[in-house]
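See structure below.
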Amino acid sequence: MRRFETQELRNRRAIPLRAVAVEAVDRFRETILDAVAAEWRLVTLFGMPEGDDTTRLVAVLAHDALGQLGATSTLVGEQYPALTPDCPQAHAFEREIAEQCAVMPDGHPWLKPLRRHLPDHRPTGRTALVLDPEAYSFFRIDGEEVHEVAVGPVHAGIIEPAHFRFQAHGEEVLFLEIMLGYQHRGVERLLETVPRERGMLVAESIAGDTVIGHASAYCGAIEALARSRKTPRAQAVRGIALELERLANHIGDLGAIAGDVAYQPAAAFFGRMRGECLNMLMTLSGNRYGRGLIRPGGVGFDLTATMAAAMRDLLTRLRDELKPVAMLMFETATVQGRLDGIGVVRRAQCLELGFVGPVARACDLPRDVRHDHPYGIFRFAHIPVTTAWAGDVYARVLVRWIEVQRSLEFVLEQLAALPRGEPRVSCGALQPNEFVVALEEGWRGEIAHTVITDPHGGVRRHKVTDPSFHNWMAVAVALLGNQISDFPLCNKSFNLSYAGHDL
Amino acid sequence: MSVAHATALAVLLIVAPALPGIATKTRAVLTGRRGAPVLQLYYDLGKLVRKGSVYSVTTTWVFRTGPVVLLGSLVAAALLLPLDGRDAPAGFSGDLVAFAGLLALGRFALVLAGLDTGSSFEGMGASREVTFSSFAEPALFLCFAALVLATGDASLSGMLGAPVRVAWSHAAASMSLVGLSLFVLLLAENSRVPIDDPATHLELTMIHEVIVLDHSGPDLALILYGSALKLALFGALIVGVFLPRADLAAPAATGVLVLGLALVGVAVGVVESVMARVRLTQVPALITGGAVLALFGIILLLR
């Protein structure tokens, strides 16, 4: 897009806030719609109070093939014409804006509360609510033979809370509505108000299984705003930690999927190997999920030579052990029969609704921040983007398995040649009136932290977008026409974060 | 009922809860885990009978009757089996129909109890249970028909008692096919992999387990014990086909029964460790496949 070219917005490069154009609403919509038509994708769209009765809507877009980012904004009052009818990937963002900022996206086809909380980002002069947090109406199909199944928010297993409402005809799912929001903690408000040391801890707690991903994105944004430059060593350790997190979670998912189809051998062995990956993060940081490792300016703990040698031994052994188990799983006919053709997300849906991460890659969309918008160690060491084309559960499992192998090789390579340097450098005060987007390819997909600073160098707006925020809709569209008994398997193949969505 | 009958029945009632334990243990060992103790179900039953039951206010007497009828019908069905290898305590000509009927009665009571809760999960489970049993029941009758043809006797005492040895001498192929078919039925009727997953916690995928979600305490103990007994009954059918023991003394015959049941448990465990559960839509095909084995057995006998 020509309109973004002068901005020089890149992943983790702070630009002055005034470089983000303030367009008239019509022009703003046009910019976004033109960009989406030209294969740009909505990274995030959020509102920021500006004055007494105005909200500034900010949109960040990405063109993955060109590796470009762009941002635009507009000022709106109580309402504006919604983007969703023309740009479906904005649907959740506009529900969020209505709820957070009390701004009405006029003509939104599916406007209902997203997390059921009171607006915490509304302009000071606004009192009226757009959405009543208590009133949530479910879509319902009428008919003699249609039955409704309600699952959750309390589940039989130890998983996060969410309410799933199925409209089913016999065993066939006609419609699935997912109501989230049970874990809303006010993360964005916290990140905007608490001191930076605490903000770091909040960022680590956005999604319990994506500690490294969110912490790195958070630090990426803070470091860009503070002009702090990490050493190559810190970048390498962060890359290693990120890929270890990916390894642990992908291997865990492979095991969980095997468990869901009652294939015990793979479930048991993958489960054990997931633990070993978490233990490596523990060696590195003292915490199995890597809390305390990523800190502004670098990493809290250095990776010593003995640690590196031990981890290489462990990973080499793991590489030899993983393959036979994966082959066992992929070559067992009954497992293939369960995964194949279930829960299909089509490529067109993916483009239209803006899915990210392994979900998009399983539909032959090569979206990977490490490759498209490289940062840190990934500017020097490349991991090939893994894609599959079928978009079904099998494709998502396959993408995970290939990514496991590639991440493992990457970590081995990095451990063999760790650059020298201080693990952590100082990270000072934030520059005032700046705008930064930090993208990170977490194991679920693109994590985006967008930060805007105020004239005093404080955080004015901190927008967190977890990949789950984009992808929950994928679960709903993938399940249509499938068997209700396949829902747990489909859901597991996405394995989205509830906390990451609810913030 | 003679002493031998009573002993054999008592042994069956006592060892039944070990059977799921053996299957689970086998599966754990084969998949590289330590697994729960073989006697876990005894501990669970002991724990459950000491607890109180919780009843939803939407349930009626139907819900409370379910577990009792289930266990009663299964014990009655056990009386029709020649557990000592010779004859049954309460056998009569044509009792195979009564046997199938008693199993159906137990299932009916349990399904009604599930529906009585008004839960959408349990309604769904009930519908699945009934659908799949409508495939399993004809398959059971085909097995029985093959056994009747092979042994020339229309009572379970004859089909699984003394005439079995003779049947193996002239219809070994049919007998093997019937035995295999019964094993498929055992997996289907007792919600084992590949038909159902006894270990799952996912309500939406369950068949049998979901109907009993609302039962608790002693009621749940009755159901769990009933499920174990049902597994043992199908195991006894298979042992009766494969291990004719009419020539053995009564204690030895009962010993062989226990050994045979343990082997069935191991076989179930092995199946569960080498394959995944099939799609729900393919369960009828799987059961029908089992029935076709019995049908081949019949064809071989009719030629």
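The listed protein sequences correspond, in order, to chains A and B.
Okay, so the first sequence: first residue is 1 according to my numbering, each after it adds one.
Okay, so the second sequence: first residue is 1001 according to my numbering, each after it adds one.
No residue lacks a Cβ here, since even glycine has one placed at the ideal position from N, Cα and C.
Quantities reported herein were computed from a predicted structural model and do not represent experimental measurements.
In terms of residue numbering, what span does the alpha helix (DSSP H) encompassing residue i cover?
{"i": "Ser1174(B)", "result": "1172 to 1189"}
{"i": "Glu99(A)", "result": "91 to 101"}
{"i": "Thr31(A)", "result": "25 to 37"}
{"i": "His470(A)", "result": "467 to 479"}
{"i": "His1005(B)", "result": "1003 to 1015"}
{"i": "Gly500(A)", "result": "498 to 502"}
What first and last residue would you give for the beta strand (DSSP E) that runs through residue i?
{"i": "Asp106(A)", "result": "104 to 106"}
{"i": "Ala59(A)", "result": "54 to 63"}
{"i": "Gln79(A)", "result": "79 to 81"}
{"i": "Gln264(A)", "result": "Careful: Gln264(A) lies outside any beta strand (DSSP E), inside the alpha helix (DSSP H) at 264 to 285."}
{"i": "Leu201(A)", "result": "Not the beta strand (DSSP E): Leu201(A) falls in the alpha helix (DSSP H), residues 196 to 204."}
{"i": "Ala448(A)", "result": "445 to 453"}
Can you tell me whether residue i is helix, strand or coil according to DSSP?
{"i": "Pro324(A)", "result": "helix"}
{"i": "Gly186(A)", "result": "coil"}
{"i": "Ser485(A)", "result": "helix"}
{"i": "Ala438(A)", "result": "strand"}
{"i": "Phe46(A)", "result": "strand"}
{"i": "Met179(A)", "result": "strand"}
{"i": "Arg1277(B)", "result": "coil"}
{"i": "Lys230(A)", "result": "coil"}
{"i": "Lys1230(B)", "result": "helix"}
{"i": "Gln1282(B)", "result": "helix"}
{"i": "Lys112(A)", "result": "coil"}
{"i": "Arg18(A)", "result": "helix"}
{"i": "Ile1207(B)", "result": "coil"}
{"i": "Arg461(A)", "result": "strand"}
{"i": "Gly70(A)", "result": "strand"}
{"i": "Glu171(A)", "result": "coil"}
{"i": "Ile1195(B)", "result": "coil"}
{"i": "Gly1217(B)", "result": "helix"}
{"i": "Leu118(A)", "result": "coil"}
{"i": "Gly1106(B)", "result": "helix"}
{"i": "Gly298(A)", "result": "strand"}
{"i": "Leu1096(B)", "result": "helix"}
{"i": "Leu131(A)", "result": "coil"}
Considering only their Cβ atoms, is the gap separating residue j from residue i smaller than 8 Å?
{"i": "Leu322(A)", "j": "Met273(A)", "result": "yes"}
{"i": "Val1164(B)", "j": "Pro1089(B)", "result": "no"}
{"i": "Arg291(A)", "j": "Gly357(A)", "result": "no"}
{"i": "Asp1095(B)", "j": "Leu1142(B)", "result": "no"}
{"i": "Ile447(A)", "j": "Ala217(A)", "result": "yes"}
{"i": "His250(A)", "j": "Arg400(A)", "result": "yes"}
{"i": "Ala71(A)", "j": "Phe378(A)", "result": "no"}
{"i": "Ala221(A)", "j": "His449(A)", "result": "yes"}
{"i": "Val103(A)", "j": "Tyr136(A)", "result": "no"}
{"i": "Val477(A)", "j": "Leu496(A)", "result": "no"}
{"i": "Gly186(A)", "j": "Asp120(A)", "result": "yes"}
{"i": "Asp1070(B)", "j": "Leu1110(B)", "result": "Per the sequence shown, the amino acid found at residue 1070(B) is Leu instead of Asp. It is a contact, given that the beta carbons lie within the stated cut-off."}
{"i": "Pro109(A)", "j": "Ile97(A)", "result": "no"}
{"i": "Gly1114(B)", "j": "Ala1126(B)", "result": "yes"}
{"i": "Glu23(A)", "j": "Thr74(A)", "result": "yes"}
{"i": "Asn11(A)", "j": "Leu61(A)", "result": "no"}
{"i": "Arg507(A)", "j": "Cys101(A)", "result": "Since the displayed chain A opens at 1 and closes at 503, residue 507(A) lies outside it and no answer follows."}
{"i": "Val1239(B)", "j": "Ile1223(B)", "result": "no"}
Less than 7 Å between the CB of residue i and some heavy atom of the ligand ATP, yes or no?
{"i": "Val202(A)", "result": "The ligand ATP is not among the ligands present in this structure, which contains no ligands whatsoever."}
Which whole-angstrom value describes the C-beta separation of residue i and residue j, a residue pair presumed to lie in contact below a C-beta threshold of 8 Å?
{"i": "Ala362(A)", "j": "Ala326(A)", "result": "About 16 Å; that fails the 8 Å criterion."}
{"i": "Tyr263(A)", "j": "Ala1276(B)", "result": "4 Å"}
{"i": "Phe1063(B)", "j": "Thr1117(B)", "result": "7 Å"}
{"i": "Ser493(A)", "j": "Val335(A)", "result": "About 13 Å; that fails the 8 Å criterion."}
{"i": "Arg233(A)", "j": "Pro419(A)", "result": "5 Å"}
{"i": "Phe301(A)", "j": "Leu293(A)", "result": "6 Å"}
{"i": "Thr465(A)", "j": "Val76(A)", "result": "The pair is not a contact, with the Cβ atoms about 20 Å apart (cut-off 8 Å)."}
{"i": "Leu408(A)", "j": "Arg319(A)", "result": "6 Å"}
{"i": "Ile158(A)", "j": "Val411(A)", "result": "Not quite, the Cβ-Cβ distance comes to about 29 Å (not below 8 Å), so this is no contact."}
{"i": "Glu441(A)", "j": "Asp368(A)", "result": "6 Å"}
Task: Contiguous beta strand (DSSP E) assignments of at least 3 residues, all confined to the stretch 134 to 169 of chain A - done: You should have 146 to 151, 163 to 169.
Open item on the list: Threshold first: 3 residues or longer. Then list the beta strand (DSSP E) segments lying entirely within the stretch 1020 to 1068 of chain B, N to C.
Closed with: The DSSP assignment places no complete run of the beta strand (DSSP E) inside the stretch 1020 to 1068 of chain B (cut-off: 3 residues).
Open item on the list: For a minimum of 4 consecutive residues, which ranges assigned as the alpha helix (DSSP H) are wholly contained in the stretch 362 to 411 of chain A?
Closed with: Within the stretch 362 to 411 of chain A, the complete alpha helix (DSSP H) runs of at least 4 residues are 369 to 372.
- [ ] Please go through the stretch 303 to 356 of chain A and give each complete alpha helix (DSSP H) segment of 4 or more residues, from N-terminal end onward.
- [x] Counting whole runs of 4 or more residues, the stretch 303 to 356 of chain A contains the alpha helix (DSSP H) stretches 305 to 331, 333 to 339, 347 to 353.
Open item on the list: At 4 residues or longer, what runs of the alpha helix (DSSP H) sit wholly inside the stretch 1111 to 1161 of chain B?
Closed with: Within the stretch 1111 to 1161 of chain B, the complete alpha helix (DSSP H) runs of at least 4 residues are 1120 to 1151, 1156 to 1159.
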